[in-house]
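To start, the structure itself, in structure tokens.
Numbering (our numbering), first residue to last: 49 to 1006.
Structure representation (structure tokens):
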């Protein structure tokens, strides 16, 4: 036995002989473990299941919502307000019929609603691990004490001998003991679409990548065909699936840029509010030379605290993000986590998988080498329509018998079926074989038609050692008795080799590895002749094979052989003295629309990268074709990444755009390295192996068609069409959402600053009473601010939204002039309102028969609300005058302005609401004065745009 220890685990099981592995685990390949040994091993290794780390409980998540600093301040305001109302009620200051405690009740209702809103967003259960568990616990057949029994997968232990057959889901990692035509689909684990042919008798180097360990099987993968006997080597969290689960749980959920900005906003608002409250209280006490007006100062402080908190902002943001998700669904992007809508607007790097995302996930034959000529094939997907070209000139296939013969081989040596479903051509079977059936159809060789002429009577299936498959067909044509001929001067019928068919009763067609298939050939078809194959011709064929492979094409070689009878024995013995037909090169062709999307990324300052499990040559060819990389760019492979330190990788990620043959941990490391370099990363993936990287990325994007449940649960967004262009469209939508969020934050907070300054000025100006009650402020913040803010959230995209670099995800919420705009606008709000307030206060003190002298407060309240309507209309654009804009491009703003204005008037003239909100009836002239002062806000913003335009600046904010 080798000196390798058990602790080295799965990393080296593929490099051991079967007998070594069996001896190390102290078991028997024929009889399995003894029954009495199983409990001891279960005690040692535990159950074969994935373990889940303890997360926050639902109660903890709910309580965390009320740690928000703005909600905490509102709770404090509600408590103090309730205390003041209680004292007033005790001394009889609350009039009969008046609703008691309405301010604290309203404030606490807002607090509870915002808390529930945050709780609902955050309690989307983390289901990625649950989806992993579904893959890890099927029933399984094992041998124990020489008996065949079936047990639950979680009872497996290292040393068990597990039996596999087609259709089974593999319950643990293991070393193959023996196999028969065993193929396993490992796409969920490795990302590779094609089933892997397994070989038990191989010993592989230790550094062999996960996808190439063909003597091992892995938990969570599926047996496609064949049978096998497996020595269980790793269970539970020690399996490859378990390692992914561990990586998944080790990834911390970082707050999104929007969440960070809202936290910063809350801190600034609360701090500023407390400072201002302190100034007002101290100033009021000094002015009164004592505590005589302390109650009035407390009421003013409460109003200021309510005014500074944008109570409607969380709801507006949530609705805005929800509307963004609906628009993205129309672009085939499903958002799973609301904050991801805005986060998309900050993406600087898109790490995309290749197959199906950048490509069509449809193999398409692009090049044929026959008769010493290179033929190009046009056409897309599985539609059997296209042209054959030689030297850029379209040719007729029937004029080239060597192509006709090759196309017959493509159609006959094939198990795929081409069919039309709902108006679209589709393949039933392997994509590679589907490409061959399609190209034959383009040449007029229909598989069904030729199957009647050449029915299959026997075959030699593909295996990983021969790297070939052969089919033997009976020639269903009238022929003279079989005679030995020299096979010279081969003629054609229906464009295809008649004498070739007629010369023998059977034909064998072979396809496979070009090098190995060519090595079995002794003759070659050239035009209408079948001639001996020379060394020079062999060299030319191999050189062309290398050229095709360097372009990223998957290349197959084709040959045939006339037979007198159906051969018996193995394919290796029969596949000799073949006649070479030609090379066929195919590619999972790029999606035609992706090139434009990549260019759009470049213009938008977003860097596209390819991270794939495919071969480096294929990856390079596709990346260059799409514009992701240039000729000569470096390609890093998983094997190279394995030997890199994190620091070395960090230096490479800024210059390398293509990563090939990568493993799950490599994807995670690449994303982490990019993030350490300050990049904001979107990562695509479809397999279980992608889940940790999807969760680590700032935006995890799962494939909706080919993606596993695990990858979808770990992601922020799901592509419903698996298309790279959808990511770009979603990124654009994210930018629009972020721009609109900034727009309505300017709108809401400009008003709030104006309210706070207006309220703060009242005691300093010696006015009696509080200009705005907490309930009126809540009305403004939720209704007269909230409805237009929602309308601004659907403002259409600006023309240059994808022609500028992404804004930094780490920028302050007040960056690019937003903070100065809020302060500037708030001061103008306050100045206009304070002038009105002073006039209204003095005007209303003159006793007019039947009018309440306190109606000046209603005038202040109304002016602030109506001024916001003009603000909403003007703020739609940062640089265009309102008169220059199409008023109907956002009908919601017009609707919100009209509706909110009507609601505000109802509060003044509808008695029940007037009583509840504490407003007073206003004469029409005083209402007109309110509207006149309010219009000044609109005029100011329009004049500011003109001023900035004259200075040659578009705006303080973009």
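Positions of the beta carbon are idealized from the N, C-alpha and C atoms, including for glycine.
Could you tell me the boundaries of the beta strand (DSSP E) in which residue i lies?
i	result
residue 427	Taken as a continuous stretch (DSSP letters only), residue 427 belongs to no beta strand (DSSP E), as it is neither H nor E.
residue 1042	This structure cannot speak to residue 1042, because the chain is shown only from 49 to 1006.
residue 768	Careful: residue 768 lies outside any beta strand (DSSP E) and carries neither H nor E.
residue 833	Element bounds for residue 833: n/a, residue is neither H nor E.
residue 411	407-418
residue 636	626-638
residue 473	472-476
residue 282	270-282
Using the rule of at least 16 other Cβ atoms within 10 Å of the residue's Cβ for burial, across every protein chain shown, is residue i buried or exposed?
i	result
residue 430	buried
residue 950	exposed
residue 584	exposed
residue 719	buried
residue 868	exposed
residue 598	exposed
residue 303	exposed
residue 957	exposed
residue 231	buried
residue 78	exposed
residue 565	buried
residue 721	buried
residue 468	exposed
residue 16	Past the boundaries of the shown model lies residue 16; the chain is included only from 49 to 1006, so the question cannot be answered.
residue 999	exposed
residue 134	exposed
residue 544	Since pLDDT at residue 544 reaches only 48, below the 50 mark, its modelled position is unreliable, and no value is offered.
residue 705	buried
residue 851	exposed
residue 296	buried
residue 64	buried
residue 866	buried
residue 538	Low local confidence applies: a pLDDT of 40 at residue 538 is under 50, so the model's placement there is unreliable, with the coordinate-based value given in what follows. Classification of residue 538: buried, given that the 10 Å Cβ count is 16 or more.
With the cut-off set at 9 Å, would you say residue i and residue j are in Cβ contact?
i	j	result
residue 980	residue 873	no
residue 574	residue 446	no
residue 308	residue 205	no
residue 354	residue 119	no
residue 967	residue 831	no
residue 128	residue 737	no
residue 410	residue 483	yes
residue 752	residue 769	yes
residue 350	residue 112	no
residue 306	residue 786	yes
residue 114	residue 159	yes
So the candidates are the options; which of them puts its Cα closest to the Cα of residue i?
i	options	result
residue 780	130, 388, 325 and 307	388
residue 642	552, 774, 581 and 723	774
residue 997	928, 883 and 380	928
residue 837	970, 967, 892 and 924	924
residue 963	723, 343, 606 and 903	903
residue 84	913, 208 and 254	208
residue 81	68, 279, 192 and 283	192
residue 990	918, 700, 971 and 195	918
residue 237	290, 821 and 279	290
residue 403	759, 195, 772 and 70	772
residue 438	473, 425, 432 and 449	425
residue 503	214, 452, 511 and 557	557
residue 254	862, 247 and 263	263
residue 273	697, 259, 228 and 279	228
By the DSSP assignment, the alpha helix (DSSP H) with residue i in it spans what residues?
i	result
residue 456	449-460
residue 345	342-356
residue 687	686-690
residue 580	Careful: residue 580 lies outside any alpha helix (DSSP H), inside the beta strand (DSSP E) at 577-580.
residue 708	Unbroken run through residue 708 is the beta strand (DSSP E), 706-708; no alpha helix (DSSP H).
Below 8 Å, can you find three or more Cβ-Cβ pairs linking the stretch 647-662 to the stretch 585-599? Touching, no.
Three-pair Cβ contact test at 8 Å for the stretch 628-639 versus the stretch 600-611: When C-beta atoms of the stretch 628-639 are compared with those of the stretch 600-611, three or more pairs fall below 8 Å, so the two segments count as touching.
Below 8 Å, how does it come out for the stretch 391-401 and the stretch 663-671: are there three or more Cβ pairs, yes or no? Below 8 Å, too few C-beta pairs join the stretch 391-401 and the stretch 663-671 to call them touching: fewer than three.
Just checking, does the stretch 789-802 make contact with the stretch 927-942 on the three C-beta pairs under 8 Å criterion? Using a Cβ-Cβ distance cut-off of 8 Å, the stretch 789-802 and the stretch 927-942 are not in contact, since fewer than three pairs of beta carbons, one from each stretch, lie closer than that value.
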